[in-house]
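Data block below; observations after.
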Amino acid sequence: MDKKLLELAVDLLKAQVSVRTMSCEDMELALLRVYNALHRMRRAEDDDKPVPLPGGISESPFIQMDSSQPIDPQRSIQEDRVTCLECGAEFRQITANHLRTHQLTPKEYKRKWGFPLKQALAAKALTKLRSRSAKKRGLPVKLQQYLEDQRKKKESEAPEASKNIAKRSPQRTGVV
């Protein structure tokens with residue numbers, strides 16, 4: 021018996037038991053089913069064969085996107101999920117870590133699929149939630165104040181910089 025698979029099966033069973041009550045027989049049966057399913061998946065992965073699923077259906081060990089129906093890039097960002105246009109996986113946010121699996125940076129991904137570079141690769145609901153949270157903390161006001169302070173600081177330093185340039189003595193140029 022593979023110890024790692026058994027540990028995974030136990031962890032999955034713990035999660036299930038924490039949500040609902042189960043009898044000892046139900047837990048034993050669930051543990052055996054989960055372990056056997058994990059074992060079949062590992063064997064199929066090792067043999068590089070499709071994963072057998074209940075009902076005689078078999079699934080490739082790797083998720084592949086149906087290339088006959090391309091996804092419109094603008095429609096890939098929906099209210100509650102974002103679809104990766106490279107692999108078809110769905111997320112709340114497409115992270116740089118995920119894009120690394122496709123050998124892409126977020127900037128390259130956005131250019132490849134025609135997204136504006138400033139557009140977030142996150143579900144619209146998540147973007148709205150972050151926006152509300154930032155506004156609640158006062159970030160827009162603080163940002164405006166910071167930018168104004170930086171502009172004033174730069175303006176006050178500009179006249180001093182021009183005075184310092186005029187005071188410098190001319191440097192020699194040429195061959196010694």
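Letter 165 of the sequence shown, counting from 1, is numbered 185 in the working numbering, and no numbers are missing. In this text, a Cβ means the ideal position worked out from N, Cα and C, and glycines have one as well.
In the DSSP assignment, Ser153 falls within the alpha helix (DSSP H) that extends over Lys144 to Lys156.
Secondary structure at Glu110: strand, using DSSP grouped into helix, strand and coil. Rounded to the nearest angstrom, the gap between the Cα atoms of Gln98 and Gln123 is 24 Å. Looking at the DSSP output, Val102 bridges to Ile97 and Phe111. Using a Cβ-Cβ distance cut-off of 8 Å, the region 150-163 and the region 107-115 are not in contact, since fewer than three pairs of beta carbons, one from each stretch, lie closer than that value. For Leu49, the enclosing alpha helix (DSSP H) begins and ends at Cys44 to Asp67. DSSP, read as helix, strand or coil, puts Pro136 in coil.
Collapsing the DSSP output to three states places His118 in a helix. In the structure shown, the three-state DSSP call for Asp92 is coil. A distance below 7 Å between beta-carbons, with the five flanking residues on each side excluded, links Met47 to the following residues of its chain, in chain order: Leu33 and Val37. The C-alpha of Ala64 is placed about 22 Å away from the C-alpha of Asp31. In this chain, the alpha helix (DSSP H) harbouring Leu26 covers Lys23 to Val39.
Rounded to whole angstroms, the separation of the alpha carbons of Arg120 and Arg60 is 29 Å.
By the criterion of a C-beta distance shorter than 8 Å, Ala154 is surrounded in its chain by Pro160, once the five residues flanking it on both sides are discounted.
Judged by DSSP in its simplified three-state form, Gln165 adopts helix.
Collapsing the DSSP output to three states places Gln123 in coil. Of the candidates Ala50, Asp100 and Val39, Asp100 places its Cα closest to the Cα of Lys148. It is roughly 18 Å from the alpha-carbon of Gln165 to the alpha-carbon of Glu177.
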